[in-house]
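Numbering (our numbering), first residue to last: 120 to 503.
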């Protein structure tokens, strides 16, 4: 055999071997998550949603004939923790993509690492809006999808005129309440107070005292998901204040743990277990089948995470590769029909969503009061 033929044969053999290795190599998804800190209360439900989505995809044959695997890193619900988590996932674990449910401060700390690492990123938390990055897509809600839903209900249906706004002192708290302040004022309502507590604070005594003195018709909160919702609600209830209470950030699972203190709270979001659909019923059954008595209540943080994993899988399959540029392009084009309904991150890397106003009952369950389909996220990232 000539040297030329041998060289060709060796090249073909190497190409085939490389392809075989590529097909056997799993697709690694990185998940920075607040396993400690303020978000640790909601983290278990998010982890279960992740595990369910990955198992569903792998059981169906994986993506591009490759299995998905989970690489989890504790972001400690903070900016400093996120920097370490993202850095580890991108540069040490060399993940193929990152999907995260965490506070805005953690997202903002991680984005420079995403940019340097040049990998696809899906942010799944509801947030204050207008976070734009060439590698980022977002399937959680933004203020344009929830503020009018909640404020209009209080003003039009409940006759409320005065409001007191309470948040944690970071991007989400100030961003969402800033939009709420503006909207209430435009609609002829009055803001009697707007107060903020650090994200790791647990004492709300001074703010509750100011609420008592102001005596508003409605209190609306924009706190970090998890611990701040618990501490504020318990201290508010202990003070005996009777104003109507709406929360942008209290998740359904945490509401259950609050017991009677959660009764009557109004919630705005894109997912509740009481959504009456075949897809949601199938999702809830699948969770229970997989985790049994250990099943955590799915919520506004865990379900978008579940959706995002399926969206990534669809995008990689559509692109025919895990190459970053191809996957990022496909993420704007694919649609997943899941527990929240159809989700497509097609509007400037954000998703139109069906939005719900719900109220917590004495058992900690939610009753949907109003629903608005296909609510547009508005102008978010016009230059992407």
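We treat Cβ as the ideally placed atom computed from N, Cα and C, and that holds for glycine. Owing to the predicted nature of the structure, the values given are computational and were not obtained by experimental measurement.
| query | result |
| --- | --- |
| Considering only the alpha carbon of each residue, which of 274, 185, 352 lies closest to residue 285? | 352 |
| DSSP three-state label for residue 394, please. | coil |
| Is it true that the CB of residue 262 sits closer than 7 Å to the CB of residue 288? | no |
| Going by beta carbon distance, what residues of the same chain come within less than 6 Å of residue 484, once the five residues before and after it are set aside? | none |
| Take residue 480 as the anchor and find which of 364, 460, 446, 467 has the nearest alpha-carbon. | 364 |
| Would you call the segment 414-426 in contact with the segment 218-230, where contact means no fewer than 3 C-beta pairs closer than 8 Å? | yes |
| Got a sec, what are the start and stop residues for the beta strand (DSSP E) residue 363 sits in? | 363-366 |
| Quick one: grab the DSSP three-state call for residue 163. | helix |
| Give me the residue from 265, 451, 446 with the minimum Cα distance to residue 340. | 265 |
| Nearest to residue 416 by alpha carbon, out of 161, 155, 152? | 161 |
| In angstroms with no decimal places, state the Cα-to-Cα distance between residue 301 and residue 488. | 24 Å |
| Is the beta carbon of residue 228 less than 7 Å from the beta carbon of residue 192? | no |
| Within 8 Å, do at least three Cβ pairs link the segment 202-212 to the segment 374-385? | no |
| Enumerate in chain order the residues of its own chain whose CB-to-CB distance from residue 62 is below 7 Å, with the five nearest sequence positions on each side excluded. | Given that the chain is displayed from residue 120 to residue 503, the structure contains no residue 62 and the question cannot be resolved. |
| Going residue by residue through the segment 254-324, where are the continuous beta strand (DSSP E) segments of at least 3 residues, counting only ones entirely within it? | 255-257, 281-287, 309-316 |
| Can you look up residue 482 in the DSSP assignment and give me helix, strand or coil? | coil |
| For residue 474, which beta-bridge partners are listed by DSSP? | 491 |
| Go ahead and label residue 226 buried or exposed: buried means 16 or more other beta carbons lie within 10 angstroms of its beta carbon, across all protein chains shown. | buried |
| Under the three-state reduction of DSSP, which class applies to residue 418: helix, strand or coil? | coil |
| In this structure, what does DSSP give as the bridge partners for residue 193? | 152 |
| Taking 8 Å as the limit between beta carbons, can you name the residues of its chain near residue 324, skipping five residues before and five after? | 354 |
| Which of the three DSSP states is assigned to residue 214 in this structure? | coil |
| State the DSSP-derived secondary structure class of residue 353, mapped to helix, strand or coil. | helix |
| Quick check: what's the CA-CA separation for residue 428 versus residue 148? | 9 Å |
| Using only alpha-carbon positions, find the residue among 426, 314, 498, 449 that is nearest to residue 175. | 426 |
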